[in-house]
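Start counting the sequence shown at -11; every next residue gets the next number (our numbering).
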Amino acid sequence: MANTITDAKVIVTCPGRNFVTLKILTSDGVHGIGDATLNGRELAVASYLKDHVVPCLIGRDPHDIEDIWNYLAKGAYWRRGPVTMAAIGAVDTALWDIKAKVAGLPLYQLLGGKSRSGVMVYGHANGNDLEETVDAVGQYLELGYKAVRAQSGIPGLDSVYGVARGKLFYEPAVKGAVPEEQLWSTEKYLDFAPKLFEAVRERYGFGFHLLHDCHHRLTPIEAARLGKSLEPYRLFWLEDPTPAENQEALKLIREHTVTPIAIGEIFNSIHDCRDILQNQHCDYIRAAVVHAGGITQLRKIAALAELYQIRTGCHGATDLSPVCMGAALHFDLWVPNFGIQEYMRHSPETDEVFPHAYTFDDGYLHPGEAPGHGVDIDEALAAKFPYEPAYLPVARLEDGTLWNW
Ligand code: GCO
Ligand code: MG
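Structure representation (structure tokens):
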């Protein structure tokens, strides 16, 4: 009898932070898993999957990945959006996992084989002030990283995006029933940022890649000024300089600076990426397996980017689970126009709940040779960590005006 989908479970667990995982079971006894985590909106995706997607999967052939993708994306009438696309991304990832396991091959082999021997990743160096941040960059270089992102506390501001609570883990979501509020000042930030990068290059030189995330905070002309002022420190990329709803903004930024631009971690469809790619308004596209509709759509985004020499730089923060990381690494090992992969280490509790085949060695991640994407979930252990409400913070200017976090 043909292999069919017999069941699908939605598992919500909080081993240090919340994750939503979809596990698809088949009549052959093979299962696949996909990440469906949407930071601060976890239960919305869990419901979307349980109430509206899982019933439609039962009885289908798990090998019909493209048809199932279209059934869920086009067939639903209501298209796109982060909740929908995270749910579709999870189904798609689980189905690729199943197909590769049935083939007895690591997923990258099904995509076209490897294009490189390892996946260059960047780590997150951060500190409460300039000195701490510069030291943190050194710690990453000692661990073998070839690329480091630097984010620092800013004099005069209490807490800012990117400054960690732990040494190797940065977790932006804060536990609690409602989001925490933080203060932001663009003036203070713009004065401080060039000093940070000057100090990093002065101490460690230019023999590694340096990255920075503006986290959507600037206006187009402010971002242009920052990009220009950072040129002497040769950034690998400046990320999310402005909120991408106004994609024309990137044109203005590029007219003023040669600092490379990365954007797209909150994009969830190829349509969000289309103009930016075709107008060559960025250098790296940050769309990720979980939020951009799985491997099936991500590879189409990458193919469009490749026409313009734009490279991939998949989002890989802690809220993208090890399942997403495993799938991303197979994608990265294959994708011809690979740039870099973000790698924020997960906590030991998270790593235990999600046993995985990927390994870190000297600045590179390797997806491993296990059939599928090489990541599983320990359901018994996951059940010991029930969901805890947690949200990304909200930002306000010093006069109380709501700002982009
Ligand atoms: C990054 C991101 C994250 C996001 C987080 C939101 O570049 O890693 O900006 O830190 O804020 O993933 O859920
Ligand atoms: Mg970012």
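Even for Gly, the Cβ is constructed at its ideal location relative to N, Cα and C.
Shorter than 7 Å, the distance from the beta carbon of residue i to the closest heavy atom of ligand 1, or not?
i	result
residue 310	no
residue 91	no
residue 160	yes
residue 380	yes
residue 330	yes
residue 383	no
residue 376	no
residue 307	yes
residue 303	yes
residue 27	yes
Less than 7 Å between the CB of residue i and some heavy atom of ligand 2, yes or no?
i	result
residue 203	yes
residue 228	yes
residue 233	no
residue 253	yes
Considering only DSSP beta bridges, list what residue i is partnered with.
i	result
residue 139	114
residue 10	-2 and 22
residue 249	226
residue 347	354
residue 107	353
residue 170	383
residue -7	14
residue 160	Residue 160 is not bridged to any residue.
residue 273	251 and 300
residue 391	383
residue 94	360
So, is residue i buried or exposed, given that buried needs 16 or more other C-beta atoms within 10 angstroms?
i	result
residue 246	exposed
residue 194	exposed
residue 148	buried
residue 353	buried
residue 131	exposed
residue 66	exposed
residue 365	buried
residue -10	exposed
residue 78	buried
residue 50	buried
residue 166	exposed
residue 347	exposed
residue 243	exposed
residue 251	buried
residue 9	buried
residue 46	exposed
residue 388	exposed
residue 183	exposed
residue 329	buried
residue 114	buried
residue 23	buried
residue 105	exposed
So residue i and residue j are supposed to be a Cβ contact under 8 Å. How far apart are they, rounded?
i	j	result
residue 41	residue 75	5 Å
residue 258	residue 273	Not really, about 10 Å apart at Cβ, beyond 8 Å.
residue 341	residue 369	5 Å
residue 256	residue 161	Contact flag wrong, Cβ pair sits at about 19 Å.
residue 107	residue 321	6 Å
residue 471	residue 218	Any answer about residue 471 is impossible in this case: the structure gives the chain only from -11 up to 393.
residue 310	residue 339	7 Å
residue 381	residue 393	6 Å
residue 111	residue 96	With 8 Å as the limit, residue 111 and residue 96 do not qualify as a contact, their Cβ atoms being about 23 Å apart.
residue 192	residue 129	6 Å
residue 103	residue 374	With a Cβ gap of about 41 Å, residue 103 and residue 374 do not count as contacting.
residue 85	residue 282	Actually they are not in contact, since the Cβ atoms of residue 85 and residue 282 sit about 11 Å apart, beyond 8 Å.
residue 99	residue 333	The pair is not a contact, with the Cβ atoms about 25 Å apart (cut-off 8 Å).
residue 12	residue 4	Incorrect: roughly 25 Å between the Cβ atoms, too far for contact.
Is the CB of residue i under 8 Å away from at least one CB in chain D?
i	result
residue 35	Absent from the structure: chain D. Only one protein chain is present.
### Task
Quick one: which unbroken beta strand (DSSP E) runs of 3-plus residues sit fully inside the segment 353 to 387? Chain order, please.
Every beta strand (DSSP E) of 3 residues or more that sits fully in the segment 353 to 387 is shown, in chain order, as 382 to 385.
### Task
Any chance you could list the alpha helix (DSSP H) runs of at least 4 consecutive residues sitting entirely within the segment 290 to 333, in chain order?
List check, alpha helix (DSSP H) in window: 310 to 322.
### Message
At 3 residues or longer, what runs of the beta strand (DSSP E) sit wholly inside the segment 172 to 232?
### Response
Counting whole runs of 3 or more residues, the segment 172 to 232 contains the beta strand (DSSP E) stretches 197 to 201 and 225 to 227.
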